[in-house]
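Each remark here refers to the structure printed beneath this line.
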Amino acid sequence: MKYPQKHKLISKSIFTILIIGAMLNASITVIRHILVGNSNNEDNSTQELVLWEAFKTSFIQKDITVGMDLGNAAKGIRYLKETGQMDYGTSIWDTFIQNYIPRRLVGEEAKENLKLNIVNDKSTIQKLTYNITTMTGYYSAFKCFSYLGFFLFGFIGYLYGYFWRRICKSQICLFIYLSIIATVPLIFTHGVDYLYTRLIFIFLIIYPLSYYSIERKKIKASTKFIV
């Protein structure tokens, strides 16, 4: 092997970065609250940030279902079924507000008022995930349309197939497909909202800017040709 010392150094560096990243990820909620405060505008002390303890908590629990994403989904679905709650897809709107409306611009109260929050599951999700694990896309699909939630995955599959079949004929479809393909695992591990929020971002921001830039270059090129 050429440059074995460099190879070992790179391997150790990557391993160290992964470990540090995992520890920071387990404490991301506390870090966020220390930096910007929580939803109640309360500041968290840096003394609450214990990276190693948070890292251990994400793996070691007396309740064997804690830390299991699919276990969270199963318990969450049971909660929705027992309470008879369903949001009919309005969580997509709530996710849009959460991701694209800055609370520092409109205020926390105004931002929360824009959300519909039809399903009251915030405390249940907090209890199950500890802001470390996820509820998975299966839970979010069930929350939208109960047992018919699988239609969401069918529709998402149709969208991917639509863009895939047209990537050879359309640069726009190729661009969109390459932009959303990374959301495939997130749809299952986190929620179906990831695809829709990515599409919104593409059509509202990326595509208009790209179209404007391309058209501007075409105009400049045609002007130079005429001159």
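So the sequence shown is residues 1 to 227, counted in my numbering. Every residue, glycine too, gets a C-beta built ideally from N, C-alpha and C.
By the Cβ neighbour-count rule, I180 is buried, with 16 or more other Cβ atoms within 10 Å of its own. The C-beta distance from Y177 to W164 rounds to 6 angstroms, short enough to fall under 8 angstroms. By the beta-carbon neighbour count (other beta carbons within 10 angstroms, threshold 16), I156 is buried. In this structure, the beta-carbon distance from K115 to D87 does not fall below 7 angstroms. Rounded to the nearest angstrom, the gap between the Cα atoms of K111 and L199 is 21 angstroms.
Looking at A22, Y130, I118 and N99, the one whose alpha-carbon comes closest to that of Y194 is N99.
Here Q85 carries a coil assignment [DSSP, helix/strand/coil]. 7 angstroms or more divides the Cβ of K143 from the Cβ of L70. Separation of N120 and G89 (C-alpha to C-alpha, rounded to the nearest whole angstrom) is 14 angstroms. Close CB contacts of Y196 within its chain, under the 6 angstroms cut and outside five residues either way in sequence, are with I92 (chain order). Boundaries of the alpha helix (DSSP H) around N113: E108 to L114. Here S140 is buried: its Cβ has 16 or more other Cβ atoms, across all protein chains shown, within 10 Å. Nearest in C-alpha terms to A74, of all of M23, S13 and L128, is L128. Rounded to whole angstroms, the Cβ separation of T134 and N72 is 7 angstroms, and the two are in contact under 8 angstroms.
In terms of Cβ geometry, G191 and G137 form a close pair [threshold 7 angstroms].
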